[in-house]
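The C-terminal position of the sequence shown is numbered 364 in full-length UniProt numbering, with every residue numbered one higher than the one before it. Structure first, then comments.
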Amino acid sequence: MTEAEQSFTEPKETETLNPLSCLIVLGMAGSGKTTFVKKLAQFKRTEHKPYIVNLDPACKEVPYPANIDIRDTINYKEVMKQYGLGPNGGIVTALNLFSTKFGTVVDILKKTKDNKYCIIDTPGQIEVFTWSASGIIITEALAAEFPTTIVYVMDIVRSVSPTTFMSNMIYACSILYKTRLPFIVVLNKIDVQSHDFAVEWIKDFEAFHEAIEQEKDYVSNLSRTMSLTLDEFYKDLKVCGISSKTGVGFSKFFELVQETIEEYKNDYKVEYDKIRSEKEAQKANEAVEALRKLKNKPEGDEIDLSPFITHKSSGVDVSDVFLRQPGDESSEESEEEQVVAFTDEEKQEQDFLNFVNQHQSSNK
């Protein structure tokens, strides 16, 4: 094996983890997820120094200062218009386009020094992120480089019914199973409704069954059956009650975050290091194979150099089709043509040039 081939196949040593920790915030529409992110950004800001990333391309504005905003890059309405998509399809496609460049976001996060937490605010349509390819790409990219925690925001006011509560827990368990990352259940809006009953239902299987016995419909029977199966999944989940409006419970939340960071380092880091090593080895093997084909090809044949190109200095990529520069607030819905205005000096100069041309034509 040549020296060039060895350079492709030798795996790189695992780098030391950046002190930055990532919090991926998920939640049903109306659960108070964005308000929760706003309070996270405000709570002990000088101490925690959060770095905030907004991944919701459809929101008109966010109530927090986003360091990276998908809306500065992806024109959501233009994506819907060009592909003939509905709202959810537009969000999925926008996330897909953004995920192709998410390696750049990771590189930016790796260079941060003063920030302690990176908070990722996801779209309100939770299934758009959790069950899409782009959501998996973004989650794995973050987890491969930083201690990453999934924060599931749950509306405690809407969960007083045992059946609604069980629906939320089923969703939480499905996300836990799919992401396989440290998990925190945040019971939001405790300024309106106490969360003690929900904590008891999570920790005490019998307490939940006593509550559900009072309901005799078919859905209650289904919830009872599901609880028998899922109890082993969610009884050990980290849970805390918070109020995104008043800030109550956020100290407890950050205590749980520290626990999940240690949990990541002890239990999850090895698995994600393995995933990263496998991907690097796969890329190296592909590069070696491409190099072998290049050597075996006769002169004069067209050679594909894409495996050896790490960046492009110019040109337009597929994912750049609907990109726009940060701060571009022009409305894509406007159909009026823009009229170019000329100054008086420009008009006089143009009139003079027209006069000269006419004079030359008459003398010929």
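From the three backbone atoms N, C-alpha and C, an ideal C-beta is built for every residue, glycine too.
Short of 8 angstroms in beta carbon distance, which residues of its chain neighbour residue i, apart from the five on each side in sequence? Order them along the chain.
i, result
"V106", "A141, L142 and E145"
"N115", "L20, K49, P50 and Y51"
"E210", "none"
"T246", "D191"
"A41", "P50, I52, Y64, P65 and I119"
"Y83", "G89, G90 and T93"
"W201", "P162, F165, A207, F208 and A211"
Determine which residues share a DSSP beta bridge with residue i and list them.
i, result
"K238", "I184"
"T148", "C22"
"residue 450", "Only positions 1 to 364 of the chain appear in the structure, and residue 450 is not among them; the question remains open."
"D69", "N54"
When we look at the beta-carbon of residue i and count the other beta-carbons within 10 Å, is it buried (16 or more) or exposed?
i, result
"F205", "exposed"
"residue 408", "With the chain represented from 1 up to 364, any question about residue 408 goes unanswered, as that position is not in the structure."
"V128", "buried"
"I225", "Reading the sequence as shown, one finds Thr at residue 225 and not Ile. When all chains shown are included, T225 counts as exposed."
"N354", "exposed"
"K39", "buried"
"T16", "With a pLDDT of 48 at T16, under the threshold of 50, the modelled position of that residue is not reliable, and no figure is offered here."
"K134", "Note on identity: in this sequence residue 134 is Ser, with Lys being the wrong assignment. By the neighbour-count rule (16 or more Cβ atoms within 10 Å), S134 is buried."
"T229", "exposed"
"G86", "exposed"
"A198", "buried"
"W131", "exposed"
"V270", "exposed"
"S223", "buried"
"V288", "buried"
"S251", "exposed"
"N266", "exposed"
"I275", "exposed"
"N357", "exposed"
Look up residue i in the DSSP assignment and say whether it is helix, strand or coil.
i, result
"I136", "helix"
"L85", "coil"
"G32", "coil"
"I190", "coil"
"D155", "strand"
"S161", "coil"
"W131", "coil"
"H48", "helix"
"K38", "helix"
"F43", "coil"
"V248", "coil"
"K110", "helix"
"K216", "coil"
"K178", "helix"
"S277", "helix"
"Y171", "helix"
"H195", "coil"
"N266", "helix"
"L353", "helix"
"V92", "helix"
"V339", "For V339, the predicted structure reports a pLDDT of 44, less than 50, and the residue's modelled location is therefore unreliable. A value from the coordinates is still provided. Note: V339 maps to coil in three-state DSSP."
"D204", "coil"
"N221", "helix"
"N115", "coil"
"F102", "helix"
"V288", "helix"
"K60", "coil"
"S227", "helix"
Return the chain-ordered list of same chain residues with a C-beta closer than 6 angstroms to the C-beta of residue i, the five sequence neighbours on each side being excluded.
i, result
"T35", "S244"
"I138", "S99 and F102"
"P123", "D56, I91 and F129"
"V153", "G27, S31, K33, F36, V186 and N188"
"H195", "I156, L187 and G241"
"F233", "C173"
"I24", "I120 and I150"
"V79", "G90, T93, A94 and F322"
"C22", "C118, L142, F146 and T148"
"I261", "S21 and P147"
"Q193", "I156 and V157"
"I175", "T130"
Leaving out the 5 sequence neighbours to the left and right, which residues in its chain are closer than 7 angstroms to residue i when beta-carbon positions are compared?
i, result
"D69", "N54"
"G249", "I190, C240, G241, I242 and S243"
"T164", "R158"
"I126", "L26, G27 and M28"
"K203", "K235"
"L256", "I184, K238 and C240"
"V160", "Q193"
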